[in-house]
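> If you want this note's numbering, it's the position in the sequence shown, counting the first as 1, plus 9. The C-beta atom is built at its ideal place from N, Cα and C for all residues, glycine as well. Shown below is the structure under consideration.
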Amino acid sequence: MHSQSDTPGDETVVVIGSGPAGAAAAVQLVNAGVKVTLLEAGLAGQARGLTARVGGLTVLRLHRPITTRTEGLTIAGDPSTILYEDIAPGGLTNHWSCAVPRFSADDFLDARRAGEAYTWPIDYPDLEPWYDRVEPLLQISGSRASAPQLPAGRIRDERSLGAEWRKIAAAAASEGQAVMPVPYVYGARTTVTRSGTVFNSFVRLVKPLMRTGRIDVRYGKQVTELQWSGAARRVTAVLARDRQTGADERIPCRAVVVAAGAVNTAKLLLQSTSGDFPDGLGNSHGVLGRYLHDHPIGKLVIDVNTPLAFTPAAYVTRLALDRTVPLFAASCLQWSGVHYFVRSLLQGHPGRLRSAGFSLFGTMAPAAENFVALDPTKRSSDGSPGVTLKISYPAQSVAALEAARDQMVHLLDRAQLEPKVSLWMIDPVGSAIHFAGSCRMHASPAFGMLDAWNRMHAVRNVIVADSAAFTTGSEKNPVLTAMALAARASERLVDDLRRGDI
Ligand SMILES: Cc1cc2nc3c(=O)[nH]c(=O)nc-3n(C[C@H](O)[C@H](O)[C@H](O)COP(=O)(O)OP(=O)(O)OC[C@H]3O[C@@H](n4cnc5c(N)ncnc54)[C@H](O)[C@@H]3O)c2cc1C
């Protein structure tokens with residue numbers, strides 16, 4: 010049996026989750042003078058680990074292994090689908106690789122040319138100042154030059170690719186592509202941090218906020234419901250279950266920022282039913298949970314005749330819009346790291362290898378048929394319903410990955426490196442760990458739950474700040490864009506609260 014108690018504090022904005030999106034929202038809200046309660050389902054101390062870097066090269070990394078979720082999970086689409094998650098302070102940034110490319114103006118244009126269902130309610134210029142705002146928190150290394158498919162960010166440490174990349178970059182440029190260093194968080198820094206990656210959003214962003222005394226962080230609080238008041242026409246409280254004691258608590262609030270990750274955010278909102286919203290909070294048009302998407306990911310290793318540098322790693326952009334079907338493209342991110350360095354030492358050319366490995370991040374046009382839903386026949390550990398994931402990659406995604414692979418080989422061939430593919434594989438659905446789109450932004454509530462400021466169309470005091478909000482997924486890694494959206498939405502929320510619009 011669960012006990013239930015009320016906590017005073019209805020002036021509070023509740024942030025759910027301390028992954029990068031929740032952390033970015035918390036930073037923005039606290040700096041604006043708002044009283045924040047951050048509810049984190051993970052337990053204190055779970056973000057532990059140790060990472061040491063010298064000049065951007067990781068020399069020590071002690072971390073927990075990442076796990077997949079199986080409990081309470083039904084896979085209804087591609088049976089190979091995997092769901093990685095980490096219910097811990099910092100969420101998946103306990104494990105991430107720290108690549109932070111911006112979306113480009115072309116990414117929004119690509120979505121628009123695919124039709125109304127795919128059109129974002131914002132454009133690149135709306136997001137640009139917010140990239141500028143969050144990037145300094147990330148101490149990014151990369152290039153200060155922009156390409157149409159990869160705008161330069163606020164770079165802390167400028168880096169350029171090894172000389173052998175010049176011919177490849179020239180070949181790419183003549184075909185409307187760019188080859189740049191991958192923008193990486195803390196990518197050239199010497200630093201030690203007590204977490205499993207160089208940037209854990211809880212350790213790097215939330216912990217310093219806690220020292221200001223302006224945020225109340227509560228661990229082990231699994232939020233189970235957002236409580237809608239029909240009389241007040243807003244969410245007035247959240248319900249959270251203590252994972253250690255099982256006690257339920259009702260936490261009154263003025264507004265809520267949901268950032269539990271694309272799957273758990275949709276699940277939580279679907280669980281939040283009421284007379285006004287029997288199908289989930291704000292789900293007036295049946296789109297909550299739909300349009301789930303991920304990055305189809307390919308692994309490619311190519312042998313070459315001349316040793317090629319891997320530090321900094323190269324980012325080969327997607328093909329130009331006029332060479333692709335709308336919403337189907339892929340980028341190539343070169344592999345790098347200390348084990349490659351050791352291999353290169355053993356081969357006698359430090360920092361260079363006669364083969365180059367790449368992760369190819371592809372796209373899929375979001376479809377209403379791919380979704381997150383509740384599965385009432387199963388139970389999750391907190392006693393809430395199980396979850397169903399239905400997602401499979403369309404054939405065009407595989408074609409886009411293969412086209413990017415062939416283009417990579419072609420560019421290396423034009424640079425006279427005699428490329429030979431030694432590994433090519435496409436990983437199971439979910440392997441990119443970039444789920445998104447399950448509570449998307451759209452100008453029309455018929456196509457998306459959120460408006461241009463990440464507020465629910467139907468519930469004005471709830472914003473969804475994580476990648477669930479993405480209208481479409483570009484081929485870029487999602488964290489930076491989720492953080493920029495979260496900060497932007499949070500500033501608007503503060504304005505709404507101050508104006509009394511909520
Ligand atoms: C190995 C690996 C490499 C990656 N590399 C990159 C990369 O290079 N670049 C990139 O952009 N992305 C990368 N990613 C993906 C990236 O880590 C995720 O996209 C990102 O962390 C998602 O952020 P989020 O805040 O939406 O969710 P999460 O990071 O999942 O955080 C969600 C938070 O909410 C909490 N939570 C969940 N449910 C509840 C609830 N009901 N109540 C309270 N709290 C709750 C969780 O404990 C967690 O703290 C990688 C991921 C992995 C695993």
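Please identify the residue among Ile472, Glu184, Glu378 and Lys308 whose C-alpha is closest to the C-alpha of Leu434.
A small correction: the amino acid at residue 434 is Met; Leu does not occupy that position in the sequence shown. With distances taken between Cα atoms, Met434 lies closest to Lys308.
> In whole angstroms, what separates the C-alpha of Gly58 from that of Glu94?
Approximately 17 Å between the Cα atoms of the pair.
> Would you mind reading off the limits of the alpha helix (DSSP H) that contains Arg203?
Arg203 -> no alpha helix (DSSP H), and no H or E assigned at all.
> Going by alpha carbons, who is nearest to Thr200 out of Leu69, Thr77 and Ala246?
The shortest C-alpha separation from Thr200 is found at Leu69.
> How many Å lie between Pro359 and Val351 at the Cα?
If I take the Cα positions, the gap works out to 8 Å.
> Taking 7 Å as the cut-off, does the CB of Tyr228 come closer than this to any heavy atom belonging to ligand 1?
The answer is no for Tyr228.
> According to DSSP, is Phe370 helix, strand or coil?
It is a strand residue.
> Please confirm whether any heavy atom of ligand 1 lies closer than 7 Å to the CB of Thr102.
Yes, the Cβ of Thr102 comes within 7 Å of a heavy atom of ligand 1.
> Just tell me which of Ser89, Thr77, Lys44 and Trp105 has its CA closest to the CA of Thr60.
It is Trp105 whose Cα lies nearest to the Cα of Thr60.
> Is the closest heavy atom of ligand 1 to the C-beta of Glu234 under 7 Å?
Result no, Cβ not under 7 Å from ligand 1.
> What are the boundary residues of the beta strand (DSSP E) that includes Ile512?
Since the first residue shown for the chain is 10 and the last is 511, residue 512 is missing from the structure and cannot be characterised.
> Exposed or buried, His6, counting other C-beta atoms within 10 Å across all chains shown (16 or more means buried)?
Here the chain covers residues 10 to 511 and nothing more, so residue 6 does not appear.
> In or out: Ala126 buried (at least 16 other Cβ within 10 Å) or exposed?
Counting Cβ neighbours within 10 Å, Ala126 comes out buried, since at least 16 surround it.
> By Cβ distance below 6 Å, which residues in the same chain neighbour Asp132 in space, the five residues on each side in sequence not counted?
Excluding positions up to five away in sequence, the list reads Phe117.
> Out of Arg78, Pro130 and Ala53, which has the shortest C-alpha to C-alpha gap to Phe456?
Measuring from the Cα of Phe456, the nearest candidate turns out to be Pro130.
> Who are the Cβ neighbours of Val226 in its own chain at under 7 Å, not counting the five residues just before and after it?
Hits under 7 Å: Leu47, Glu49, Val215 and Met219.
> Within 8 Å, do at least three Cβ pairs link the segment 396–414 to the segment 254–265?
No, the segment 254–265 is not in contact with the segment 396–414.
> Buried or exposed: which applies to His466, given that a residue is buried once 16 or more other Cβ atoms fall within 10 Å of its Cβ?
Result: buried.
> May I ask you to check if the CB of Asp257 is nearer than 7 Å to at least one heavy atom of ligand 1?
Flag unset: Cβ of Asp257 not near ligand 1.
> For Arg220, which beta-bridge partners are listed by DSSP?
According to DSSP, Arg220 bridges with nothing at all.
> Just to check my reading of the structure: Ala197 and Asp166 have Cβ atoms closer than 8 Å, yes? What is that Cβ distance to the nearest angstrom?
With a Cβ gap of about 4 Å, Ala197 and Asp166 count as contacting.
> Should Gly31 be labelled buried (16 or more other beta-carbon atoms within 10 Å of its own) or exposed?
Burial call: buried.
> Label Gln158 either buried or exposed according to how many other C-beta atoms from any shown protein chain fall within 10 Å of its C-beta, with 16 as the threshold for buried.
Burial call: buried.
> Once DSSP output is grouped into helix, strand and coil, what is the label at Trp139?
Residue state, collapsed to three classes: helix.
> Is the beta carbon of Thr480 closer than 8 Å to that of His443?
Cβ distance not < 8 Å, so His443 and Thr480 don't count as in contact.
> Using 10 angstroms around the beta-carbon of Asp141, count the other beta-carbons present and answer buried if the total reaches 16, otherwise exposed.
Under this definition Asp141 is an exposed residue.
> Beta carbon of Ala97: closer than 7 Å to some heavy atom of ligand 1?
Ala97: yes, Cβ under 7 Å from ligand 1.
> Would the segment 482–493 and the segment 290–306 be scored as touching if the rule is three or more Cβ pairs under 8 Å?
Yes, the segment 482–493 touches the segment 290–306.
> Flag Ile260 as yes when its Cβ comes closer than 7 Å to any non-hydrogen atom of ligand 1, and as no otherwise.
No, the Cβ of Ile260 stays beyond 7 Å of every heavy atom of ligand 1.
> Using the Cβ count rule (16 or more neighbours within 10 Å means buried), how would you classify Gly239?
Gly239 is exposed by the Cβ-count criterion.
> Could you pull out every residue in the same chain whose Cβ sits closer than 6 Å to the Cβ of Val39, ignoring the five residues on either side in sequence?
Result list for Val39: Val45, Leu218, Arg223 and Ile224, in chain order.
> Let me make sure I understand the geometry here. Which of Pro403, Gly509, Val232 and Glu144 has the alpha-carbon closest to that of Gly51?
Measuring from the Cα of Gly51, the nearest candidate turns out to be Val232.
> Quick one: is Ala495 buried, meaning 16 or more other Cβ sit within 10 Å of its Cβ, or exposed?
With 16 or more Cβ atoms within 10 Å of its Cβ, Ala495 is classed as buried.
> CB-CB under 8 Å to Thr315, same chain, minus the five flanking residues each way: which ones, in chain order?
Only Glu173, Arg363 and Leu426 meet the Cβ criterion.
> Report whether the distance from the Cβ of Trp344 to the nearest heavy atom of ligand 1 is below 7 Å.
Because no heavy atom of ligand 1 lies under 7 Å away, the Cβ of Trp344 does not count as near it: no.
> Smallest Cα separation from Leu420: which of Arg299, Gly185, Val473 and Thr274?
Of the candidates Arg299, Gly185, Val473 and Thr274, the one whose C-alpha sits nearest the C-alpha of Leu420 is Gly185.
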